[in-house]
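**Q** Protein chains in written order, with my numbering: chain Y, 3 to 143; chain V, 3 to 143; chain R, 3 to 143; chain G, 3 to 143.
Even glycine gets a Cβ: it sits at the ideal position worked out from N, Cα and C.
Below are the structure tokens for one structure; questions will follow.
There are 4 protein chains.
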Amino acid sequence: MDQTRQSTPASGSSRRGNPVGRRRWAIADGYIPSWSNGPEPQLASHEAACLLNISDEEANVEITLYFEDREPAGPYRLRVPAGRTRHVRFNELDDPEPIPKDTDYASMIESDVPIVVQHTRLDSRLAENALLSTIAYASDH
Amino acid sequence: MDQTRQSTPASGSSRRGNPVGRRRWAIADGYIPSWSNGPEPQLASHEAACLLNISDEEANVEITLYFEDREPAGPYRLRVPAGRTRHVRFNELDDPEPIPKDTDYASMIESDVPIVVQHTRLDSRLAENALLSTIAYASDH
Amino acid sequence: MDQTRQSTPASGSSRRGNPVGRRRWAIADGYIPSWSNGPEPQLASHEAACLLNISDEEANVEITLYFEDREPAGPYRLRVPAGRTRHVRFNELDDPEPIPKDTDYASMIESDVPIVVQHTRLDSRLAENALLSTIAYASDH
Amino acid sequence: MDQTRQSTPASGSSRRGNPVGRRRWAIADGYIPSWSNGPEPQLASHEAACLLNISDEEANVEITLYFEDREPAGPYRLRVPAGRTRHVRFNELDDPEPIPKDTDYASMIESDVPIVVQHTRLDSRLAENALLSTIAYASDH
Chain Y
3 MDQTRQSTPA SGSSRRGNPV GRRRWAIADG YIPSWSNGPE PQLASHEAAC LLNISDEEAN
63 VEITLYFEDR EPAGPYRLRV PAGRTRHVRF NELDDPEPIP KDTDYASMIE SDVPIVVQHT
123 RLDSRLAENA LLSTIAYASD H
Chain V
3 MDQTRQSTPA SGSSRRGNPV GRRRWAIADG YIPSWSNGPE PQLASHEAAC LLNISDEEAN
63 VEITLYFEDR EPAGPYRLRV PAGRTRHVRF NELDDPEPIP KDTDYASMIE SDVPIVVQHT
123 RLDSRLAENA LLSTIAYASD H
Chain R
3 MDQTRQSTPA SGSSRRGNPV GRRRWAIADG YIPSWSNGPE PQLASHEAAC LLNISDEEAN
63 VEITLYFEDR EPAGPYRLRV PAGRTRHVRF NELDDPEPIP KDTDYASMIE SDVPIVVQHT
123 RLDSRLAENA LLSTIAYASD H
Chain G
3 MDQTRQSTPA SGSSRRGNPV GRRRWAIADG YIPSWSNGPE PQLASHEAAC LLNISDEEAN
63 VEITLYFEDR EPAGPYRLRV PAGRTRHVRF NELDDPEPIP KDTDYASMIE SDVPIVVQHT
123 RLDSRLAENA LLSTIAYASD H
């Protein structure tokens, strides 16, 4: 076996510098149910964007929401420190305005440093919970 | 810290112009259950394609359906206005023909401007609901 | 508005010719539960690969299975006609050998024409069903 | 029909050599529930990364975990033999430290040979289970 392969693959590089991800992300399937059945707060119905910033710079993030029959809302601004993750519950966004329940929407998430975005939803409207998660759509442009 | 990073990352550009997404999308896993248990209409079993058009042009979209043992159906035509999202329930497509229930199918979604497509299904056949969502397959060609 | 946009976006091209997709796909998360609770056959626990071939050539497909502690199994061979989809239940693959239940595995799906592959699982071990679906990993190589 | 298409598409090449995948993967949505309802061990709440290595070299893998309000943890080191899959339950990682429950986190998975990574979670906190799975975010860099 090749001795050079005994070295660790990318040790340390993932933690600082050498960013991973993209600057623009889209989540087309947005929906916040208006009621829950699960114990609060972990099992309340919610929708979240999970952001990961492994770069060594703080990420300034803007979220813009799109609807079917009105103008877009936002931007909602937040920061993800260097080497940190942040799981943003859309339910809790309220500046400049809260997100309407039981309404289809979509979101664009834009950052000034590359990040990774995963979309997750817990739906506890019925007695048992349903769960989804998918990597958001990443754009180069 | 670099002072230029104090500016907002992409403010305004996401809302008009500077489109994100692709023109051709595929959803290989299509299936509409024939019965439901949830309260109508939010928890009726359904399958949807969530379309997001952040460009400044209306998107003309065509959906073509593929089956295991018959010729393709469609195209089903619809529009997504500029700066809007549209969550299309496959159950409700009926021109040129409704989609059969309990039948495996797949779909191609083609647009004249770049859009983002996410696939979602709520299955409420049993007492509790199951939920899935995934970004569709994007093609450059 | 540009008059040329009045033409349909890609009419007809999706059905024959102008293929979409890739030739190699990977599903790393394979698992077939050994028991079910749902009514047969629609709600039996199963795992499937949904294949879409919109090209005008039949696709010859080979599936190879990988395990944690034994040699790979396969290839399992099947065909997807031109302009058709096929939802392959892994439970039903038995040539050259059936897939063990309650065993972690992964799969490579290789085709001689570009196809799209989506991975889905229905888990009905408990009283209610759980459902997942995700686009498989597409490779150029 | 082209006679050359009668040959099998990629026979054998998937099993040894001709690797598929990437060296860096991100899972932004990490969360291990602190309690379960399902029968042990199959239906205990868990979160897993499913790794597939179809190359002919053993993969040396490092997992680094990111949190919201503390320094990253890891690296957690493991190997995936050539031509094998490995489904890693995050619950079981304990060197250099166990992963806290009920805590949002994210993970980077880095390998010295190309692999494919899929993220899955079984949540059995309530009487019935919820299941998710998605391909992780793949990076070239």
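Give the DSSP-derived three-state secondary structure of residue 227 (chain R) in the structure shown.
**A** Nothing about residue 227 (chain R) can be read from this structure; chain R reaches only from 3 to 143.
**Q** So with CB distances below 8 Å, who are the chain R contacts of residue 70 (chain V)?
**A** As a working mapping, residue 70 (chain V) is identified with position 68 in the second sequence. In chain order: 86, 87, 88 and 89.
**Q** Is the CB of residue 28 (chain R) under 8 Å away from at least one CB in chain G?
**A** In the third sequence, counting from the first residue as 1, residue 28 (chain R) sits at position 26. Chain G contact via Cβ: present.
**Q** Would you check if the region 75-89 of chain G and the region 26-38 of chain G touch, i.e. whether three or more CB-CB distances between them fall below 8 Å?
**A** They do not touch, by the three-pair rule.
**Q** Just list the beta strand (DSSP E) runs in the region 50-123 of chain Y, keeping only unbroken ones of 3 residues or longer that don't cross its boundaries, in chain order.
**A** Entirely contained in the region 50-123 of chain Y, the beta strand (DSSP E) runs reaching 3 residues are, in chain order, 61-69, 75-82 and 86-91.
**Q** Using 8 Å as the cut-off, can you tell me whether the region 71-82 of chain Y makes contact with the region 56-63 of chain G, which would need three or more C-beta pairs spanning the two stretches below that distance?
**A** As far as the Cβ criterion goes, the region 71-82 of chain Y does not touch the region 56-63 of chain G, which means the pair count is below three.
**Q** Taking C-beta pairs closer than 7 Å, name the residues in chain V that residue 108 (chain Y) reaches, listed in chain order.
**A** Here residue 108 (chain Y) corresponds to residue number 106 of the first sequence, with the count starting at 1. Simply 52, 54 and 87.
**Q** Give a yes or no on whether 8 Å exceeds the smallest Cβ distance from residue 122 (chain Y) to chain G.
**A** The count along the first sequence starts at 1 and reaches residue 122 (chain Y) at position 120. It does; some Cβ of chain G falls within 8 Å.
**Q** I need the DSSP call for residue 33 (chain Y), collapsed to helix, strand or coil.
**A** Residue mapping note: residue 33 (chain Y) aligns to position 31 of the first sequence, counting from 1. Correct three-state label for residue 33 (chain Y): coil.
**Q** On the CB-based measure, 16 or more other CB atoms within 10 Å of its CB, does residue 49 (chain R) come out buried or exposed?
**A** Against the third sequence, residue 49 (chain R) aligns to sequence position 47. Buried, since its Cβ has 16 or more Cβ neighbours within 10 Å.
**Q** For residue 31 (chain G), return the contacting residues in chain Y, with the cut-off set at a CB-CB distance below 7 Å.
**A** Here the question's residue 31 (chain G) lines up with position 29 in the fourth sequence. What residue 31 (chain G) touches in chain Y: 52, 120, 122 and 135.
**Q** State yes or no: is the C-beta of residue 61 (chain V) within less than 8 Å of the C-beta of residue 118 (chain V)?
**A** One-based indexing of the second sequence puts residue 61 (chain V) at position 59. One-based indexing of the second sequence puts residue 118 (chain V) at position 116. No.
**Q** Which whole-angstrom value is the C-beta distance of residue 107 (chain R) and residue 32 (chain R), which I expect to be below 8 Å?
**A** By 1-based counting over the third sequence, the position of residue 107 (chain R) is 105. By 1-based counting over the third sequence, the position of residue 32 (chain R) is 30. At roughly 4 Å, the Cβ-Cβ gap stays under 8 Å, so residue 107 (chain R) and residue 32 (chain R) are in contact.
**Q** Is there a Cβ from chain Y that is less than 8 Å from the Cβ of residue 22 (chain V)?
**A** Here residue 22 (chain V) corresponds to residue number 20 of the second sequence, with the count starting at 1. Closer than 8 Å: yes.
**Q** Would you kindly work out how many angstroms separate the C-alpha atoms of residue 34 (chain Y) and residue 96 (chain R), rounded to a whole number?
**A** As a working note, residue 34 (chain Y) is residue 32 in the first sequence. As a working note, residue 96 (chain R) is residue 94 in the third sequence. So the two alpha carbons sit approximately 43 Å from each other.
**Q** Less than 8 Å separating the beta-carbons of residue 101 (chain Y) and residue 80 (chain Y)?
**A** Sequence index remark: in the first sequence, residue 101 (chain Y) carries index 99 (1-based). Sequence index remark: in the first sequence, residue 80 (chain Y) carries index 78 (1-based). It is not a contact, given that the beta carbons lie outside the stated cut-off.
**Q** In whole angstroms, what is the alpha-carbon distance linking residue 89 (chain V) and residue 120 (chain V)?
**A** Position 87 of the second sequence, counted from the first residue, corresponds to residue 89 (chain V). Position 118 of the second sequence, counted from the first residue, corresponds to residue 120 (chain V). One C-alpha to the other measures close to 9 Å.
**Q** Short of 6 Å in beta carbon distance, which residues of its chain neighbour residue 69 (chain G), apart from the five on each side in sequence? Order them along the chain.
**A** Here residue 69 (chain G) is taken as the residue at index 67 of the fourth sequence, counted from 1. These residues qualify, in order along the chain: 107.
**Q** Please tell me whether residue 123 (chain Y) has its Cβ less than 8 Å away from any Cβ of chain A.
**A** No chain A is present in this structure, whose protein chains are Y, V, R and G.
**Q** Just the C-alpha distance for residue 139 (chain Y) and residue 78 (chain R), rounded to the nearest angstrom, thanks.
**A** Walking along the first sequence from the start, residue 139 (chain Y) turns up at place 137. Walking along the third sequence from the start, residue 78 (chain R) turns up at place 76. If you take the alpha carbons of residue 139 (chain Y) and residue 78 (chain R), they lie about 32 Å apart.
**Q** What's the C-alpha gap between residue 92 (chain Y) and residue 111 (chain Y)?
**A** Taking the first sequence and counting its residues from 1, one reaches residue 92 (chain Y) at position 90. Taking the first sequence and counting its residues from 1, one reaches residue 111 (chain Y) at position 109. So the alpha carbons of these two residues sit roughly 12 Å apart.
**Q** Determine the contact status of residue 109 (chain Y) and residue 63 (chain Y), defining contact as a CB-CB distance below 8 Å.
**A** For this step, residue 109 (chain Y) is matched to residue 107 along the first sequence. For this step, residue 63 (chain Y) is matched to residue 61 along the first sequence. For residue 109 (chain Y) and residue 63 (chain Y), no; Cβs fall outside 8 Å.
**Q** Straight-line CA distance for residue 36 (chain V) to residue 122 (chain V)?
**A** The residue labelled residue 36 (chain V) in the question sits at position 34 within the second sequence. The residue labelled residue 122 (chain V) in the question sits at position 120 within the second sequence. Taking the straight line joining both Cα atoms gives about 17 Å.
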